[in-house]
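Chemist: Structure provided below as structure tokens; questions to follow.
Protein chains: 2
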Amino acid sequence: MNTPDPTDAEPQPAATPAMRTRPLVESPALAAKAVQFLSEGPSGFRMSQDEAQRVVAYMRWVSYAPQSFLYREGDSTRTSYMLMVLEGDVSVDTAASGRADRVAISVLGPGALIGEMALLDGAPRSTSCTAITPVQAAGMSQGGLAALADEHPAVAFKLMTFMARSTANRLRALGEQLHMYDQVIADLHQEIDQLRAAKEGRY
Amino acid sequence: MNTPDPTDAEPQPAATPAMRTRPLVESPALAAKAVQFLSEGPSGFRMSQDEAQRVVAYMRWVSYAPQSFLYREGDSTRTSYMLMVLEGDVSVDTAASGRADRVAISVLGPGALIGEMALLDGAPRSTSCTAITPVQAAGMSQGGLAALADEHPAVAFKLMTFMARSTANRLRALGEQLHMYDQVIADLHQEIDQLRAAKEGRY
């Protein structure tokens with residue numbers, strides 16, 4: 014029989030988080046880290062420790078083995094939760110046009126928020142995220158966020174501000190990267206002009 | 014006297030919005046537009062019409078003449094409010110490294126949110142925004158947002174979700190632009206390789 018086994022097509026991600034999550038408060042050490050990360054940051058709409066503890070009560074504890082996927086680019090099914098890295102490092106990469114390999118975008122460590130964009134708009138994951146080391150993370154589902162908004166709207170406002178800031182920071186970083194690319198393209202055009210001039214003029 | 018007039022250095026922006034704002038509800042037609050834009054969008058944490066009307070009560074009505082600045086790149090003083098375009102078009106541009114002229118990023122029309130990132134993190138404006146046509150906009154200050162969060166936290170949560178979504182949309186668009194630049198750079202490298210091979214091989 015030549016029917017290919019569809020599961021052979023590519024490596025399968027680790028079991029979905031839903032299969033192995035527990036309330037984050039079951040690990041007081043990890044819950045304390047989540048409180049710390051949530052209550053850090055610039056002033057203004059910053060969360061207090063009390064508010065952060067309220068958020069943590071709605072979070073799930075998720076573990077990832079090294080090399081397992083937290084998210085896969087293009088995945089439109091697992092868009093209903095975001096993760097905050099509590100321990101370990103996560104590689105963020107994307108498929109590059111015209112290349113077989115993938116392009117590393119960044120490495121995210123403790124305190125980083127991952128997947129909040131897909132949670133906001135339900136669009137497919139725009140990057141893949143892979144655990145480099147064992148990773149402990151705090152998950153917040155769309156349902157959890159809706160419950161928090163119902164029960165503690167002022168805290169939900171602070172959490173959403175935290176999420177919006179995280180996205181804004183990434184937007185600023187990407188804007189700077191685009192500036193850099195712009196310069197690279199200008200330099201390459203100049204090199205091409207010089208090569209052409211040499212070809213026409215000297216020979 | 015040779016002392017240069019500092020106001021001659023470059024065109025001055027129009028009077029700061031603080032000088033000419035009124036409560037948005039003074040224009041029922043513009044207030045209705047703001048309600049419409051706020052309550053549109055994908056489902057999930059979408060605002061109801063009632064909630065949007067609560068937000069509008071905290072907004073100011075700001076007018077810009079053609080060619081006047083809504084924001085100027087690098088400005089670190091006017092970061093305490095955001096604007097929603099209600100009528101007219103706004104050009105967004107940025108200084109390009111290695112060039113005298115400015116690079117147009119996009120044109121934003123009615124419904125677009127401008128300046129919510131600086132409102133979130135207080136960082137300097139990352140782009141300049143100029144009115145192309147007469148522009149009517151709804152302004153929300155940091156103080157207004159804080160008051161809304163105090164008085165109607167559930168509505169403030171929805172507004173912050175709207176802001177986070179706007180930022181996430183822009184992040185996705187910029188990510189696609191970066192993919193495109195990546196391809197352009199790969200093509201230019203290929204052209205350089207061919208020009209070098211031609212130079213060495215044929216002559």
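From first to last, the protein sequence lines are chains X and Z. Take 14 as the starting number for the first sequence in the working numbering and just add one per residue. Take 14 as the starting number for the second sequence in the working numbering and just add one per residue. In this text, a Cβ means the ideal position worked out from N, Cα and C, and glycines have one as well.
1. Go through the region 29-80 of chain Z residue by residue and report every complete run of the beta strand (DSSP E) that reaches 3 residues or more, in order.
2. Give a yes or no on whether 7 Å exceeds the smallest Cβ distance from Ala181 (chain X) to chain Z.
3. Measure the C-alpha to C-alpha separation of Ile145 (chain X) and Gln196 (chain Z) and round it to an integer number of angstroms.
4. Taking the Cβ atom as the reference point for each residue, do Met173 (chain Z) and Thr140 (chain X) lie within a distance shorter than 7 Å?
5. Excluding the 5 residues flanking Pro123 (chain Z) on each side, which residues of the same chain have their C-beta closer than 8 Å to its C-beta?
6. Out of curiosity, what's the CA-to-CA distance linking Ala211 (chain Z) and Glu86 (chain X)?
7. Is Ala144 (chain X) helix, strand or coil by DSSP?
8. Please work out which residues of its chain come closer than 8 Å, Cβ to Cβ, to Ser76 (chain Z), disregarding the five sequence neighbours upstream and downstream, and give them in chain order.
9. Return helix, strand or coil for Ala210 (chain Z), following the three-state DSSP convention.
10. Start and end of the alpha helix (DSSP H) containing Ala162 (chain Z)?
11. What residues from chain Z crowd round Ile205 (chain X), counting only those whose CB sits closer than 9 Å?
12. Give the DSSP bridge partners of Ser119 (chain Z), in chain order.
13. In whole angstroms, what is the alpha-carbon distance linking Tyr248 (chain X) and Gly152 (chain X)?
14. If you compare alpha carbons, which of Z:Ser104, Z:Leu96, Z:Val68 is closest to Thr143 (chain Z)?
15. Using a beta-carbon distance below 7 Å, is Leu96 (chain X) in contact with chain Z?
16. Using a Cβ-Cβ distance cut-off of 7 Å, determine whether Thr174 (chain Z) contacts chain X.
17. Classify Ala117 (chain X): buried if its beta carbon has 16 or more other beta carbons within 10 angstroms, exposed otherwise.
18. For Ser179 (chain X), does the count of other Cβ atoms within 10 angstroms reach 16, so buried, or fall short, so exposed?
19. Measuring straight from C-alpha to C-alpha, what distance separates Arg35 (chain Z) and Arg73 (chain Z)?
20. Evaluate Val120 (chain X) with the Cβ neighbour count: other Cβ atoms within 10 Å of its Cβ, from every protein chain shown; 16 or more gives buried, anything less gives exposed.
21. Can you tell me the Cα-Cα spacing of Leu132 (chain Z) and Val48 (chain Z), whole angstroms?
22. So Tyr194 (chain X) and Ile198 (chain Z) are in contact, right, with Cβ under 8 Å, and what is the actual spacing, rounded?
23. Just curious, the alpha helix (DSSP H) that Glu129 (chain Z) is in, first and last residue?
24. For a quick check, are the C-beta atoms of Ala108 (chain Z) and Ala177 (chain X) less than 7 Å apart?
25. Use the C-beta contact count for Glu129 (chain Z): other C-beta atoms within 10 angstroms, 16 or more gives buried, fewer gives exposed.
Modeler: From the atom records:
1. 73-77
2. yes
3. 28 Å
4. no
5. Lys46, Phe50, Val98, Leu99, Glu100, Gly101
6. 40 Å
7. strand
8. Take Ser76 (chain Z), set aside five residues on each side of it, and the residues of its chain with a beta-carbon closer than 8 Å to its own are Arg33, Pro147, Val148, Gln149, Ala150, in chain order.
9. helix
10. 155-164
11. Leu201, Glu204, Ile205, Leu208
12. Z:Val105
13. Lying before the first or after the last residue shown, residue 248 (chain X) is absent from chain X, which here runs from 14 to 216.
14. Out of Z:Ser104, Z:Leu96, Z:Val68, Z:Ser104 has the C-alpha closest to the C-alpha of Thr143 (chain Z).
15. no
16. yes
17. exposed
18. Result: buried.
19. 5 Å
20. Label assigned to Val120 (chain X): exposed.
21. 21 Å
22. 7 Å
23. From DSSP, the alpha helix (DSSP H) with Glu129 (chain Z) extends over 129-134.
24. no
25. buried
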